[in-house]
Amino acid sequence: MALDRQFFHLQTLYEFTAELSPLAATDKLLEAFLLMVMGTFGVSQGRVLLCDRQSRAVRSASRGISEPRQWTFDEAEKQLYRGFQATEERRLAPMSVGFVVNAQAIFPETEMGAAVHTALLFTVDDSLLGLLVLGAPLAKQALAKEEQELLRGLTANCMVFLKNARAFETIQALNADLRQTITDLTEARQQIRVLEFAKGRLKQLIQREIERAGRFRAADMLLMVILSTVLALAFNYSSPNGIPVVPGTVFQEQAPRVDVLTAHQLLSRGEAVLVDARPPELFQQKHIAEAVNIPAPLFDVIYPMKLGRTLKPEQTVLVYGRTISKRYDEDVTQRLLQRHDQVRILEGGVAAWEENGFAVAP
Numbered sequence: 004m005a006l007d008r009q010f011f012h013l014q015t016l017y018e019f020t021a022e023l024s025p026l027a028a029t030d031k032l033l034e035a036f037l038l039m040v041m042g043t044f045g046v047s048q049g050r051v052l053l054c055d056r057q058s059r060a061v062r063s064a065s066r067g068i069s070e071p072r073q074w075t076f077d078e079a080e081k082q083l084y085r086g087f088q089a090t091e092e093r094r095l096a097p098m099s100v101g102f103v104v105n106a107q108a109i110f111p112e113t114e115m116g117a118a119v120h121t122a123l124l125f126t127v128d129d130s131l132l133g134l135l136v137l138g139a140p141l142a143k144q145a146l147a148k149e150e151q152e153l154l155r156g157l158t159a160n161c162m163v164f165l166k167n168a169r170a171f172e173t174i175q176a177l178n179a180d181l182r183q184t185i186t187d188l189t190e191a192r193q194q195i196r197v198l199e200f201a202k203g204r205l206k207q208l209i210q211r212e213i214e215r216a217g218r219f220r221a222a223d224m225l226l227m228v229i230l231s232t233v234l235a236l237a238f239n240y241s242s243p244n245g246i247p248v249v250p251g252t253v254f255q256e257q258a259p260r261v262d263v264l265t266a267h268q269l270l271s272r273g274e275a276v277l278v279d280a281r282p283p284e285l286f287q288q289k290h291i292a293e294a295v296n297i298p299a300p301l302f303d304v305i306y307p308m309k310l311g312r313t314l315k316p317e318q319t320v321l322v323y324g325r326t327i328s329k330r331y332d333e334d335v336t337q338r339l340l341q342r343h344d345q346v347r348i349l350e351g352g353v354a355a356w357e358e359n360g361f362a363v364a365p
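Numbering-wise (this note's numbering), the sequence shown opens with residue 4 and increments by one.
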C-alpha cells in the first residue's frame with residue numbers, strides 16, 4: 004500500500020511538471036497549479052495569491068468560490084503577514100514552503116470566501132511571496148503527513164516555474180524599454196545635429212562680433228553664458244537620460260534634527276528608539292549599539308516586524324545614516340512620517356555618536 008501511494012505521488016509530480024512546463028505566463032501558471040492541487044487532494048474550493056513587492060502587484064486565482072475577490076496590494080500583504088506569523092518555521096528563505104497552523108482561525112471564511120481547511124505560505128524570493136488556501140477535502144479529514152509532503156513538493160515545483168515566468172516577463176519588459184530607448188536615442192541624435200548646427204552658427208556670430216568690436220567686452224561674456232545655459236538646458240531636456248535641474252528633495256519638508264547628547268538622553272529614558280537607515284552591509288560594518296536596521300528598499304517588510312508592533316505613540320523615532328552621495332535617513336524619515344508623528348534625524352550619525360564616547364557595534 005505504501006509503495007502504491009509513493010508511486011501515485013511520483014506520478015502526480017510528473018504529470019504536474021508536464022502540465023506546467025509549456026506555460027510562461029504567471030496567471031496561467033497560478034490557474035493550472037490551483038486546479039492540479041484541488042484535483043489531487045479532492046478539494047472543491049481553493050484560492051492562491053501571489054504578491055510581488057517590487058511592482059506592488061497582486062496575482063490571484065480561485066475555484067469554487069461564488070464571488071472571487073479582487074485583492075489590493077495592501078490587503079494581500081496583510082494576509083501574507085498573518086500567515087507568516089502562524090507558520091511552523093517562521094522564515095522567509097527563498098524557495099521555501101511553510102504550512103500555516105490553525106489555518107481556519109487565521110483566515111476566516113468572511114475574508115477568503117470559503118471555509119479554509121489547509122493553508123501554506125511559499126516564498127519564491129525576497130520580493131515574491133504567495134499564499135495557497137484550500138477548502139475541506141471530500142473525505143473531510145486532515146491531510147496526512149505524506150499528503151502534506153506531496154503538497155509541499157507540488158508547491159516547490161510551481162515556484163520554479165513562477166520564478167522562470169517572472170524572469171521571462173522581466174525580459175519582455177526590458178526589451179520593450181530597450182526599443183523605446185533606441186527610438187528616443189534616434190530622436191535625440193537628430194536633435195543634437197540641429198543643436199550642433201545652431202552652435203556653429205552662434206559661434207560664427209560671436210566671432211564676427213568679437214572681430215568687429217576689436218576687444219572682448221563684459222556684454223560678450225554675458226551673452227556667451229546665456230547662450231551656453233540655453234544650449235545646456237535644451238540638451239538636457241531633449242536627452243532621454245536628462246537629469247532634473249532642481250532635485251526633488253529641495254521641495255520636501257525637512258524633518259527636525261536632534262543633537263547626539265539630546266538623543267542619548269531620550270534613549271536612556273526609554274523615550275525614543277533608534278533607526279539605522281543605511282543598507283545592511285554598511286550597518287554590519289559599524290552602527291550604534293541600540294539601532295534597528297530598516298533600509299528604505301525593505302521598509303514595508305521590516306518595519307512591521309521589527310518596529311511597528313513595539314513602537315509607542317509617545318516615543319520619538321531617531322533616524323540616522325547618510326553618505327556623501329545618498330541621504331538614506333531622509334528617505335526613511337519620509338516613510339516614517341506617514342506612520343508616526345514624532346520622527347527626528349540624528350545629526351552627525353555614527354561619527355558624531357562615536358566622537359562623544361557612546362557605544363557602537365560591532
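Note that CB positions come from ideal geometry on N, CA and C, so glycine has one too.
All values reported here derive from a predicted model rather than from experimental measurement.
Residue i, enclosing alpha helix (DSSP H) - first and last residue
i: Leu340; result: Tyr331 to Leu340
i: Val104; result: Taken as a continuous stretch (DSSP letters only), Val104 belongs to no alpha helix (DSSP H), as it is neither H nor E.
i: Ala266; result: Val263 to Ser271
i: Ala35; result: Thr29 to Phe44
i: Glu112; result: Glu112 to Met115
i: Val327; result: In the sequence as presented, Val is not what sits at residue 327; that position holds Ile. Per DSSP, Ile327 belongs to no alpha helix (DSSP H) and is neither H nor E.
Nearest-angstrom Cβ-Cβ length linking residue i and residue j, presumed shorter than 8 Å
i: Ile291; j: Leu277; result: 6 Å
i: Thr15; j: Leu153; result: 7 Å
i: Leu310; j: Ile297; result: 7 Å
i: Val103; j: Ala122; result: 4 Å
i: Leu321; j: Ala275; result: 5 Å
i: Arg281; j: Gly324; result: 4 Å
i: Thr158; j: Leu135; result: 7 Å
i: Thr29; j: Arg62; result: 6 Å
i: Ala237; j: Leu198; result: 6 Å
i: Leu349; j: Ala266; result: 5 Å
i: Ala258; j: Leu340; result: 7 Å
Beta strand (DSSP E) segment containing residue i, residue limits
i: Phe361; result: No beta strand (DSSP E) holds Phe361; DSSP gives it neither H nor E.
i: Ile348; result: Val346 to Leu349
i: Thr319; result: Thr319 to Tyr323
i: Ala294; result: Ala294 to Asn296
i: Leu26; result: Leu26 -> no beta strand (DSSP E), and no H or E assigned at all.
i: Ala275; result: Ala275 to Asp279
beta-carbon residue i near the ligand NAD non-hydrogen atom, thresh 7 Å
i: Gln88; result: As for the ligand NAD, it is missing from this structure, which has no ligand bound.
Cβ pair residue i, residue j closer than 8 Å
i: Val40; j: Leu137; result: yes
i: Leu37; j: Gly49; result: yes
i: Phe87; j: Cys54; result: no
i: Ala64; j: Leu33; result: yes
i: Phe164; j: Leu26; result: yes
i: Val228; j: Gly133; result: no
i: Gly304; j: Asp279; result: In the sequence as presented, Gly is not what sits at residue 304; that position holds Val. No, these two residues do not count as a Cβ contact at 8 Å.
i: Val263; j: Asn178; result: no
i: Asn167; j: Thr20; result: no
i: Ser242; j: Ala191; result: yes
i: Gln57; j: Ser130; result: yes
i: His120; j: Ala147; result: no
i: Val261; j: Arg169; result: no
i: Leu234; j: Lys202; result: yes
i: Ala364; j: Tyr331; result: no
i: Thr109; j: Arg94; result: The displayed chain sequence assigns Ile, not Thr, to residue 109. In this structure, Arg94 does not lie closer than 8 Å to Ile109 by Cβ.
i: Gly101; j: Glu114; result: no
i: Gln288; j: Gln318; result: no
i: Gly116; j: Glu70; result: yes
i: Glu3; j: Ala35; result: In this structure the chain extends from 4 to 365, so residue 3 is not present and cannot be described.
i: Gly67; j: Ser47; result: yes
Residues that DSSP places opposite residue i in a beta bridge
i: Arg50; result: Ser65 and Val136
i: Phe76; result: None, per the DSSP bridge assignment.
i: Leu291; result: One detail in the question is off: residue 291 reads as Ile in this sequence, not Leu. DSSP output for Ile291 lists Val363 as bridge partner(s).
i: Val100; result: Phe125
i: Arg2; result: Residue 2 lies beyond the residue range present for the chain, which begins at 4 and ends at 365; the question has no answer from this structure.
i: Arg260; result: Ile348
i: Ala235; result: Ala235 is not bridged to any residue.
i: Asp303; result: DSSP lists no partner for Asp303.
Note to self: At 3 residues or longer, what runs of the beta strand (DSSP E) sit wholly inside the segment 118-184?
What the structure shows: Unbroken beta strand (DSSP E) stretches of 3 residues or longer found wholly inside the segment 118-184: 121-128 and 131-137, given in chain order.
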